[in-house]
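Protein chains: 2
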Amino acid sequence: MTRPQAKKVYQRGSAAQMVCDELRKEILTHELKPGAPLDETSLSKRFDVSRSPIREALNRLLAERLVENLPNKGTIVANVDLENFPSFIEVFDLQQRYATRLAARNRTSVDMVKLRDLVKAFDDAVKEYDPLKILQSNFEFHLAVAEAGKNPYLVRQYKELLSEARRYIHIHLRSLETAKEKAILKGHHRDFLEAIEARDVEAADAIAHEHTLKFHDRFLEALKGQIDNDFSIEPTPRKPRLVEK
Amino acid sequence: MTRPQAKKVYQRGSAAQMVCDELRKEILTHELKPGAPLDETSLSKRFDVSRSPIREALNRLLAERLVENLPNKGTIVANVDLENFPSFIEVFDLQQRYATRLAARNRTSVDMVKLRDLVKAFDDAVKEYDPLKILQSNFEFHLAVAEAGKNPYLVRQYKELLSEARRYIHIHLRSLETAKEKAILKGHHRDFLEAIEARDVEAADAIAHEHTLKFHDRFLEALKGQIDNDFSIEPTPRKPRLVEK
DNA sequence: TTTGATTCAATTGCATGCAATGTGTATGCA
DNA sequence: TGCATACACATTGCATGCAATTGAATCAAA
Chain A
1 MTRPQAKKVY QRGSAAQMVC DELRKEILTH ELKPGAPLDE TSLSKRFDVS
51 RSPIREALNR LLAERLVENL PNKGTIVANV DLENFPSFIE VFDLQQRYAT
101 RLAARNRTSV DMVKLRDLVK AFDDAVKEYD PLKILQSNFE FHLAVAEAGK
151 NPYLVRQYKE LLSEARRYIH IHLRSLETAK EKAILKGHHR DFLEAIEARD
201 VEAADAIAHE HTLKFHDRFL EALKGQIDND FSIEPTPRKP RLVEK
Chain B
1 MTRPQAKKVY QRGSAAQMVC DELRKEILTH ELKPGAPLDE TSLSKRFDVS
51 RSPIREALNR LLAERLVENL PNKGTIVANV DLENFPSFIE VFDLQQRYAT
101 RLAARNRTSV DMVKLRDLVK AFDDAVKEYD PLKILQSNFE FHLAVAEAGK
151 NPYLVRQYKE LLSEARRYIH IHLRSLETAK EKAILKGHHR DFLEAIEARD
201 VEAADAIAHE HTLKFHDRFL EALKGQIDND FSIEPTPRKP RLVEK
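For the record, the sequence lines run as chains A and B.
Using the numbering used here, the letters of the first sequence map in sequence onto residues 1 to 245.
Using the numbering used here, the letters of the second sequence map in sequence onto residues 1 to 245.
Pasting the structure below:
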């Protein structure tokens with residue numbers, strides 16, 4: 001970005017895809033924060049491609065609900081609205097339970113190898129105290145669980161919800177940094193692994209459900225903490241200023 | 001399409017949307033059949049706009065999985081692959097049950113008015129023996145049920161599945177035309193209405209589940225019928241021709 | 001000081017041009 | 001006759017140009 005960068009040229013057909021993937025990554029990791037403007041001209045300069053592939057990338061992200069389009073005014077990173085959190089959790093729980101059930105029912109030994117690796121990667125990320133890595137490996141683990149269920153329709157829908165969950169988590173990211181949380185996260189996915197390995201559908205379901213509930217509670221708790229630490233601000237200074245002057 | 005058509009010009013910002021809506025309609029009603037080619041040049045001539053809004057429309061339909069993109073080769077109407085039908089039904093059932101549960105829990109009196117209207121519209125369509133109208137009003141009814149549940153996340157995902165269901169139904173559309181089927185369809189959604197009206201969540205769940213199962217069975221039955229009516233065709237005539245010649 | 005109209009700059013939405021890629025056909029060779 | 005190679009055509013993917021719309025800034029008047 002900052003250095004000249006020797007005119008990168010991409011394979012035909014990959015420019016839009018590359019821009020899309022990069023922007024998606026940055027949105028999910030909050031490098032691009034909700035509300036951040038994404039104007040086509042700047043992006044085309046930044047990625048050194050024309051506006052066409054940029055527009056295409058933005059359209060795809062729009063379909064994933066990761067950005068919002070204000071007609072004739074531009075595109076911004078989509079907000080994660082807290083008011084819909086209850087609705088979100090409701091559906092997320094349903095899908096997560098079902099995804100985990102299917103995994104317990106349909107997993108292969110190949111899936112188990114992958115899942116074990118991803119649990120390990122998660123634990124490593126926890127040890128490294130790297131919140132972004134924790135989120136990423138959490139995402140990958142749950143996605144792999146869903147994929148082990150072998151239902152493409154569910155995978156697609158669940159993946160969307162996982163992305164959304166990731167963005168919710170970023171709201172209370174700091175709470176991940178406390179020692180208490182880290183203790184909780186340690187070995188966090190082992191129980192999933194056991195239930196899926198044992199093909200115990202009901203146990204898998206229960207574990208997934210409990211997992212969602214914990215996410216829900218931690219989220220609300222973190223929000224509460226954030227509010228407690230707040231202090232009240234003056235109302236809009238318009239009227240007072242009039243008087244002062 | 002066939003006549004000159006006096007150079008329609010659309011509001012700025014609506015061209016792509018209009019093309020997208022029209023193509024979606026034609027795909028869902030099978031005016032455009034699975035596998036049909038959608039080349040940008042022809043479409044731009046047909047809708048009398050440039051390729052840019054056409055490309056944008058196709059990208060949106062791609063995100064909805066209604067079309068498939070063959071890189072550098074073009075775009076075609078997406079196939080509805082029978083091999084995924086079991087996966088589809090599995091998720092569809094889950095979502096339909098949940099949507100109907102939520103409707104029973106959260107419906108307002110305004111929702112009930114709308115639902116009653118849509119049931120009536122469905123019955124009218126059945127009386128008129130108009131398969132396309134039946135499908136359309138069926139779609140609208142179930143979507144309204146989901147909306148009565150007031151969970152935007154579920155509505156979005158369920159809507160996608162409903163579109164997919166609609167395309168599956170088209171495969172056995174002829175079976176809708178038999179007198180037996182019409183008898184079955186008569187007053188088909190009344191039970192939904194009653195359970196939702198009564199806020200009976202468990203009943204709503206059961207009815208939704210049964211509804212899915214019936215859809216599943218009718219679909220398989222119709223497929224079976226189609227196969228029975230088939231007759232075997234000669235293998236590819238290449239070798240035989242060689243001999244004859 | 002606030003309200004209103006007017007102009008101006010910024011940004012998108014659409015049109016069009018060009019080059020790359022993949023397909024189908026024709027031709028030459030075994 | 002069968003197969004490989006080359007060429008031409010069709011179609012996309014990307015670059016660029018232009019005009020419409022929107023928001024902000026400016027200025028005048030109450």
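We treat Cβ as the ideally placed atom computed from N, Cα and C, and that holds for glycine.
For residue i and residue j, I'd like the C-alpha separation in whole angstroms.
i: residue 12 of chain B; j: residue 115 of chain A; result: 50 Å
i: residue 41 of chain B; j: residue 23 of chain B; result: 15 Å
i: residue 99 of chain B; j: residue 50 of chain B; result: 40 Å
i: residue 63 of chain A; j: residue 77 of chain A; result: 13 Å
i: residue 145 of chain A; j: residue 27 of chain A; result: 23 Å
i: residue 119 of chain B; j: residue 191 of chain B; result: 10 Å
i: residue 222 of chain B; j: residue 128 of chain A; result: 57 Å
i: residue 178 of chain A; j: residue 82 of chain A; result: 23 Å
i: residue 21 of chain A; j: residue 14 of chain B; result: 27 Å
i: residue 136 of chain A; j: residue 89 of chain A; result: 20 Å
i: residue 143 of chain B; j: residue 161 of chain B; result: 10 Å
i: residue 215 of chain B; j: residue 184 of chain B; result: 12 Å
i: residue 198 of chain A; j: residue 112 of chain A; result: 11 Å
i: residue 246 of chain A; j: residue 139 of chain B; result: Summary: the structure shown does not reach residue 246 of chain A, with chain A confined to residues 1 through 245, and so no result is reported for it.
i: residue 225 of chain B; j: residue 174 of chain B; result: 11 Å
i: residue 110 of chain B; j: residue 211 of chain A; result: 36 Å
Residues in its own chain within less than 7 Å of residue i by CB, not counting five upstream and five downstream?
i: residue 56 of chain A; result: 16
i: residue 18 of chain B; result: 10
i: residue 44 of chain B; result: 50, 51 and 54
i: residue 205 of chain B; result: 97, 100 and 101
i: residue 29 of chain B; result: 132
i: residue 200 of chain B; result: 104
i: residue 65 of chain B; result: 78
i: residue 61 of chain A; result: 20, 23, 24 and 67
i: residue 193 of chain B; result: 115, 116 and 119
Which same chain residues end up closer than 8 Å to residue i when comparing Cβ atoms and leaving out the 5 residues on each side of it in sequence?
i: residue 79 of chain A; result: 34, 35 and 68
i: residue 219 of chain B; result: 85, 168, 169, 171 and 172
i: residue 213 of chain A; result: 93
Indicate whether at least one CB of chain B lies closer than 8 Å to the CB of residue i.
i: residue 94 of chain A; result: yes
i: residue 13 of chain A; result: yes
i: residue 60 of chain A; result: yes
i: residue 154 of chain A; result: yes
i: residue 106 of chain A; result: no
i: residue 17 of chain A; result: no
Counting only the same chain and skipping the five closest in sequence on each side, list residues whose C-beta sits under 6 Å from that of residue i.
i: residue 75 of chain B; result: 38, 58, 67 and 69
i: residue 147 of chain A; result: 155
i: residue 32 of chain A; result: 26 and 77
i: residue 149 of chain B; result: 99, 102, 103 and 106
i: residue 141 of chain B; result: 118, 122 and 189
Could you check whether residue j and residue i sit closer than 8 Å to each other, using their CB atoms as the reference points?
i: residue 126 of chain A; j: residue 186 of chain A; result: yes
i: residue 97 of chain A; j: residue 188 of chain A; result: no
i: residue 163 of chain B; j: residue 151 of chain A; result: no
i: residue 207 of chain A; j: residue 176 of chain A; result: no
i: residue 196 of chain A; j: residue 121 of chain A; result: no
i: residue 92 of chain B; j: residue 203 of chain B; result: no
i: residue 158 of chain B; j: residue 95 of chain B; result: yes
Within 8 Å (strictly less), CB to CB, does residue i reach chain A?
i: residue 91 of chain B; result: yes
i: residue 250 of chain B; result: Outside the shown range of chain B, which is 1 to 245, sits residue 250 of chain B, and nothing can be said about it.
i: residue 248 of chain B; result: A question about residue 248 of chain B goes unanswered here, because the residues of chain B that appear run from 1 up to 245.
i: residue 98 of chain B; result: yes
i: residue 10 of chain B; result: no
What do you reckon, is the C-beta of residue i under 7 Å from a heavy atom of the ligand ATP?
i: residue 129 of chain B; result: Annotation note on the ligand ATP: not contained in the displayed structure, which lists no ligands.
query: Using Cβ-Cβ distances below 8 Å, what residues of the stretch 72-91 of chain B are close to chain A?
result: 72, 84, 87, 88, 90 and 91
query: Using Cβ-Cβ distances below 9 Å, what residues of the stretch 32-56 of chain A are close to chain B?
result: 52, 55 and 56
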